[in-house]
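Asker:
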Amino acid sequence: MSTVHDVVVVGGGPAGVGTAYFLRGSGLDVRVVEAAAEVGGRTKTVHVAGVPANTGALFVYRDTMSESLATELGLRLIPFRPTTYGIHVAGVTSVSTDDDELVERLPLPLRGKRQLREFMANVLDEYSSFTADGALSRAADSLEDHTVADSLTGLDPQVVAILEAAIKGGAVGKPQELSAKYALRYFASYLAREKNNRLYLVDGMQAIPQAMVRRLPEHTVQLGTRVTEVRFDSEADLYRIHATTPTGSLTLSSRQVVMAVPSPLVAQLCPGLPDWKSRALARVKTPGSTTLNIVADANQCPEVAQWSFLTTVGTRFDAIINPLPGVAAPGTPPGIVRFVCYGNTAGHVPGFSDDPALIHEWVEDFLKVAPALRGNILGVHGQSWEHCFSLLTPERAQVLPELQRPVGRVHFAGDYTSATAGSHGAYAEAHRVAELVRQSVPDSLQRR
Ligand SMILES: Cc1cc2nc3c(=O)[nH]c(=O)nc-3n(C[C@H](O)[C@H](O)[C@H](O)COP(=O)(O)OP(=O)(O)OC[C@H]3O[C@@H](n4cnc5c(N)ncnc54)[C@H](O)[C@@H]3O)c2cc1C
1 MSTVHDVVVV GGGPAGVGTA YFLRGSGLDV RVVEAAAEVG GRTKTVHVAG
51 VPANTGALFV YRDTMSESLA TELGLRLIPF RPTTYGIHVA GVTSVSTDDD
101 ELVERLPLPL RGKRQLREFM ANVLDEYSSF TADGALSRAA DSLEDHTVAD
151 SLTGLDPQVV AILEAAIKGG AVGKPQELSA KYALRYFASY LAREKNNRLY
201 LVDGMQAIPQ AMVRRLPEHT VQLGTRVTEV RFDSEADLYR IHATTPTGSL
251 TLSSRQVVMA VPSPLVAQLC PGLPDWKSRA LARVKTPGST TLNIVADANQ
301 CPEVAQWSFL TTVGTRFDAI INPLPGVAAP GTPPGIVRFV CYGNTAGHVP
351 GFSDDPALIH EWVEDFLKVA PALRGNILGV HGQSWEHCFS LLTPERAQVL
401 PELQRPVGRV HFAGDYTSAT AGSHGAYAEA HRVAELVRQS VPDSLQRR
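Be aware that the sequence shown starts at 1, since it is given in the numbering used here, and climbs by one per residue.
(1) Grab me the residues of P302's own chain with a C-beta within less than 8 Å of its C-beta, minus the 5 sequence neighbours each way, in chain order.
(2) Quick one: any contact between the stretch 378-397 and the stretch 177-193, if contact means 3 or more CB pairs under 8 Å?
(3) Would you check if the distance between the CB atom of V60 and the CB atom of L273 is smaller than 9 Å?
(4) I need the straight-line Cα distance from L238 to H381, nearest angstrom please.
(5) Tell me which residues share the same chain as N376 and place their Cβ nearer than 6 Å to its Cβ, disregarding the 5 neighbours each side in the sequence.
(6) At the level of alpha carbons, what is the spacing between L191 and L124?
(7) Take every Cβ of the stretch 192-199, pair it with every Cβ of the stretch 339-350, and state whether three or more of those distances are shorter than 8 Å.
(8) Excluding five sequence neighbours on each side, which residues of the same chain lie with their C-beta closer than 7 Å to the C-beta of D29?
(9) Report the three-state DSSP secondary structure of D99 (helix, strand or coil).
(10) Determine the closest residue to T64 out of S418, V433, V10, E435, with distance taken between C-alpha atoms.
(11) Since L310 is in the alpha helix (DSSP H), which residue starts that stretch and which ends it?
(12) Starting from the Cα of E415, find the closest Cα among S2, R405, G11, A15 and give me that residue.
(13) Of all the options T43, G347, A305, K174, which has the alpha carbon lying nearest to the alpha carbon of P333?
(14) Going by alpha carbons, who is nearest to V103 out of Y186, L58, L163, V51?
(15) Can you tell me whether DSSP reads G18 as helix, strand or coil?
(16) Measure the CB-CB distance between E126 and A188 and report whether it falls below 9 Å.
(17) Have a look at G12 and A243 and give me their C-alpha separation to the nearest angstrom.
(18) I need the DSSP call for M1, collapsed to helix, strand or coil.
(19) Short check: CB of L451 to CB of I208, under 9 Å?
(20) Would D365 be called buried (16 or more neighbouring beta carbons within 10 Å of its own) or exposed?
(21) Looking at E194 and ligand 1, is the gap between the Cβ and the nearest heavy atom below 8 Å?
(22) Taking only runs that begin and end inside the stretch 361-432, name each unbroken beta strand (DSSP E) of 3 or more residues, in chain order.
(23) When the Cα atoms are used, what is the spatial distance from S278 to V399?
(24) Alpha carbon to alpha carbon, how far is V437 from A430?
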């Protein structure tokens, strides 16, 4: 007779592992089923030239569940303290602590420089009126229904190209898709050189789900198991979770299910969802993205080690981020810098990780921006994500209650059901769903 689990969680990323973590001690038999060979999903960390490098999620946001979990799990955090902002356009890289100087050095006509300065000043004004110490105020909620596209109308094409790359690079979505509130948190905060809202995990973002798994009962997580379908068996009053493994196929049975995979996969894996749920899921945008991690020795060019966020035009990526500007991370020699190039416009590039020629092209683009690092690159890693970020668009904000609502005893948790986005959104959703699961189980069963 096969085991009937109390809860099967589909997906071992932040939301899936988080759900099991928040259910520990409940007495419930929880099984997390993960397709990959390791947990973490889009918080994957790799070692490049011996240095932990984040291929997906990069930062822990302050005062979110990612920060409280990292602290609870005893993980080391370093504040992100940018002092510079940079733009690369038409072959010129300008990086500065001062926006006037930054714009002055760009190869733009006078009118373009004026427009860019004005735009930056307006964004910074808006940022300071809607944030305090790096946190968005309640008043920022009023921006949820607006997009950032309107502010670009009437600007010169070269200026629009810079700002579109800045928005895409900082917040993944296109200006016409993003809520103005979300754009503040991401794109505007880089422009503001915000020092109070991001932290960097010394051992990488994947350290959070990995540390959680170490606190779970053995065998909670079943790796290398790809779920192909979740069906309700009305006769047995159980869910049947069909999956494939490297050696064959298997079916798990469960009283409750948590769908913790990126939203486009939810509808594929759960046939027969009610219309209201399918309609809500269809309104979630999760575009793809490609990242290139570069670890370099910047001892010969210390100014490059101070770079923090650069918007790049005319490159295969839209942005470069150095999460530790001017800081030697514990365990890493001074002057060793880890850059991440974000190809949000490039989207998903299947096979990128295994294509040295393509990776080489991206590295050459990076060297156009940072020529001083030629000959000083110690290692690179390419990664492409089919589903990168569950954008917080006005459309998604409107259907959030439907995205979160269970269907029968199937629950939905992930960045796609969260009021924010990112791993903090996924962990917060794990917590919400774990509470729902607990409430739906009689006390006697929980103490079992
Ligand atoms: C380039 C990039 C930059 C980002 N930057 C940040 C950042 O700075 N800060 C931040 O907080 N967040 C960031 N994020 C977002 C963050 O990584 C995600 O929001 C978060 O990982 C979502 O967690 P999740 O559990 O909902 O989904 P995922 O992390 O996608 O986890 C889902 C899991 O389900 C598994 N899975 C999929 N299909 C199946 C199946 N059929 N059967 C079994 N398992 C399956 C996957 O392998 C995966 O492990 C970034 C993401 C990317 C890609």
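We treat Cβ as the ideally placed atom computed from N, Cα and C, and that holds for glycine.
Fair warning: this is a prediction, and the values are worked out from it, not measured in the lab.
Answerer: By the coordinates alone:
(1) Along the sequence shown, one-based indexing puts residue 302 at 302. So the list reads G335, once near-sequence residues are dropped.
(2) Result yes; three or more Cβ-Cβ pairs closer than 8 Å.
(3) Numbered from its first residue, the sequence shown carries residue 60 at position 60. Numbered from its first residue, the sequence shown carries residue 273 at position 273. No, they are not a contact pair.
(4) Here residue 238 refers to the residue found at position 238 when the sequence shown is read from its first residue. Here residue 381 refers to the residue found at position 381 when the sequence shown is read from its first residue. Each residue's CA atom was taken as its position, placing L238 and H381 some 43 Å apart.
(5) Within the sequence shown, residue 376 is the residue found at index 376, counting from 1. If you ignore the 5 residues before and after N376, its C-beta comes within less than 6 Å of the C-beta of A296, D297, all in its own chain and listed in chain order.
(6) As a working mapping, residue 191 is identified with position 191 in the sequence shown. As a working mapping, residue 124 is identified with position 124 in the sequence shown. Cα-Cα distance, rounded: 7 Å.
(7) Judged by Cβ distances under 8 Å, the stretch 192-199 makes no contact with the stretch 339-350, as fewer than three pairs qualify.
(8) Residue mapping note: residue 29 aligns to position 29 of the sequence shown, counting from 1. Taken in chain order, the residues that qualify are H5, D6.
(9) Your numbering for residue 99 matches position 99 in the sequence shown. Correct three-state label for D99: helix.
(10) As a first step, residue 64 is located in the sequence shown; it is residue number 64 there, counting from the start. For the residues S418, V433, V10, E435, the minimum Cα distance to T64 belongs to S418.
(11) Here the question's residue 310 lines up with position 310 in the sequence shown. Looking at the DSSP string, L310 is not in any alpha helix (DSSP H); the run it does join, the beta strand (DSSP E), is 309-312.
(12) Stepping through the sequence shown from its first residue, residue 415 is reached at position 415. This sequence places Asp at residue 415; Glu is not what is there. Looking at the Cα atoms, A15 is the closest of the given residues.
(13) Residue numbering aside, residue 333 sits at position 333 when the sequence shown is read from its first letter. That would be A305, whose Cα lies nearest to the Cα of P333.
(14) Residue 103 sits at position 103 when you count from the first residue of the sequence shown. When only C-alpha atoms are compared, the closest one is L163.
(15) One-based indexing of the sequence shown puts residue 18 at position 18. When secondary structure is reduced to three states using DSSP, G18 falls in the helix class.
(16) Counted from its first residue, the sequence shown places residue 126 at position 126. Counted from its first residue, the sequence shown places residue 188 at position 188. Between E126 and A188, the CB-CB gap stays under 9 Å.
(17) Residue numbering aside, residue 12 sits at position 12 when the sequence shown is read from its first letter. Residue numbering aside, residue 243 sits at position 243 when the sequence shown is read from its first letter. If you take the alpha carbons of G12 and A243, they lie about 14 Å apart.
(18) Counted from its first residue, the sequence shown places residue 1 at position 1. Low confidence applies to M1: its pLDDT is 46, below 50, so where it sits in the model is not reliable enough to give any reading.
(19) This structure does not reach residue 451, given that the chain is present from 1 up to 448, and the question cannot be answered.
(20) As a first step, residue 365 is located in the sequence shown; it is residue number 365 there, counting from the start. That one is buried.
(21) Locating residue 194 in the sequence shown gives position 194, counting from the first residue. Flag unset: Cβ of E194 not near ligand 1.
(22) Counting only runs that start and end inside the stretch 361-432, the beta strand (DSSP E) elements of at least 3 residues fall at 377-385, 410-412.
(23) Here the question's residue 278 lines up with position 278 in the sequence shown. Here the question's residue 399 lines up with position 399 in the sequence shown. The straight-line gap separating the alpha-carbon atoms of S278 and V399 is approximately 11 Å.
(24) Looking up residue 437 in the sequence shown gives position 437. Looking up residue 430 in the sequence shown gives position 430. So the alpha carbons of these two residues sit roughly 10 Å apart.
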